[in-house]
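One structure below.
2 protein chains.
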Amino acid sequence: MNGRLHHVGYVLPSIRDGVEPLRRSLGTAWDGVIVHDPLQSVNVAFLPSRDGPGPVVELIEPAGRRSPVRKFAESGGGLHHLCYEVPDLPERIRASQAAGDVVVRVPLPARAFDNRRIVFVRTSGGLLLEFLEAAGRP
Amino acid sequence: MNGRLHHVGYVLPSIRDGVEPLRRSLGTAWDGVIVHDPLQSVNVAFLPSRDGPGPVVELIEPAGRRSPVRKFAESGGGLHHLCYEVPDLPERIRASQAAGDVVVRVPLPARAFDNRRIVFVRTSGGLLLEFLEAAGRP
């Protein structure tokens, strides 16, 4: 039900300023692409694993004063959330609610993922999860 | 060079108290095993992904006053580090040093990973990385 780990979100004040040392530390390449997501008020970029199609590190910077990651970025940022790709997003949301977790907002299309829908869930343990509907869904 | 993402470390004050809500939120199972690692002064447990052999979430609680995660756990804890499994640990350490990152300690065998050696690296960007030597190495 939970799906596979798709990426780990990492917040930083500025992608442009922070990407090069992180890219070097991870021993990987960056495609130079920064995607603006107006619905989440963030800009994101992706650092792949060196070895093929495994989970990537998503760099996230705030876009605008009302960005949900602004405060965290201003305090220096860091590891932010885990994103799992799930075959059935509505079912996953129901499971989260049954587990007593808080679905932060309704599912919204995400520009960085071909407008597939994402949802953020604040777990009762405090961990922030993102669920991304798998490709090929309506 | 970087290898595959092996696990994501998550610090919490108590595995026993925190594992059940996290297990439920992740929609996965727990094998009930807690491993004490005296060299790292931590206890760890693992929550697998639902779908096969992907990266797992490693729960970490401090073991003793001198545990390196004690302060973080006392402040509530959260996402802590990314661990990559690498084919050549000495080469990876040299690459980290060349990237300007700080190797926290010499490689030490880790009980939770069949005494394969691990090393923690504080990157210049602030992200904490762990490197685990791949199985089958001397």
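Just so you know, the protein sequences line up as chains A and B, in that order.
Taking the numbering used here, the leading residue of the first sequence gets 1, the next gets one more, and so forth.
Taking the numbering used here, the leading residue of the second sequence gets 1001, the next gets one more, and so forth.
Even glycine gets a Cβ: it sits at the ideal position worked out from N, Cα and C.
Contiguous beta strand (DSSP E) elements confined to the stretch 1089 to 1124 of chain B occur at 1108 to 1110 and 1116 to 1122, taking only those with 3 or more residues. Using a Cβ-Cβ cut-off of 8 Å, valine 69(A) does not count as an interface residue toward chain B, since no Cβ of chain B sits closer than that to its own. The beta carbons of glutamate 61(A) and serine 14(A) sit closer together than 8 Å. Using a Cβ-Cβ distance cut-off of 8 Å, the stretch 90 to 101 of chain A and the stretch 38 to 53 of chain A are not in contact, since fewer than three pairs of beta carbons, one from each stretch, lie closer than that value. Among the CB atoms of chain B, none fall inside 8 Å of the CB of arginine 16(A). Contacts with chain B (Cβ-Cβ distance below 8 Å) from the stretch 94 to 126 of chain A involve Ala95, Ser96, Ala99, Gly100, Asp101, Val121, Thr123, Ser124, Gly125 and Gly126, listed in chain order. Distances from the alpha-carbon of valine 69(A) to those of Ala98(A), Glu85(A) and Asp37(A) put Asp37(A) closest. Annotation for proline 1021(B): the continuous alpha helix (DSSP H) segment containing it runs 1015 to 1026. Inclusion of leucine 1047(B) and threonine 123(A) in the CB contact set at 8 Å is not warranted, their separation being larger than that value. Put simply, the backbone Cα of glycine 1003(B) is about 9 Å away from that of phenylalanine 1131(B). For alanine 45(A), DSSP records a beta bridge to Leu59(A). Membership of arginine 1004(B) in the beta strand (DSSP E) is indicated by the continuous run 1004 to 1011. Around the beta carbon of proline 1053(B), fewer than 16 other beta carbons sit within 10 angstroms, so the residue counts as exposed.
A distance below 7 Å between beta-carbons, with the five flanking residues on each side excluded, links leucine 79(A) to the following residues of its chain, in chain order: Val8 and Tyr10. Of the candidates Ser49(A), Pro109(A), Val33(A) and Val121(A), Pro109(A) places its Cα closest to the Cα of alanine 135(A). By the neighbour-count criterion, in which a residue is buried when 16 or more other Cβ atoms sit within 10 angstroms of its Cβ, serine 1049(B) is buried.
If you ignore the 5 residues before and after alanine 73(A), its C-beta comes within less than 7 Å of the C-beta of Val11, Leu12, Pro13, Glu61 and Pro62, all in its own chain and listed in chain order.
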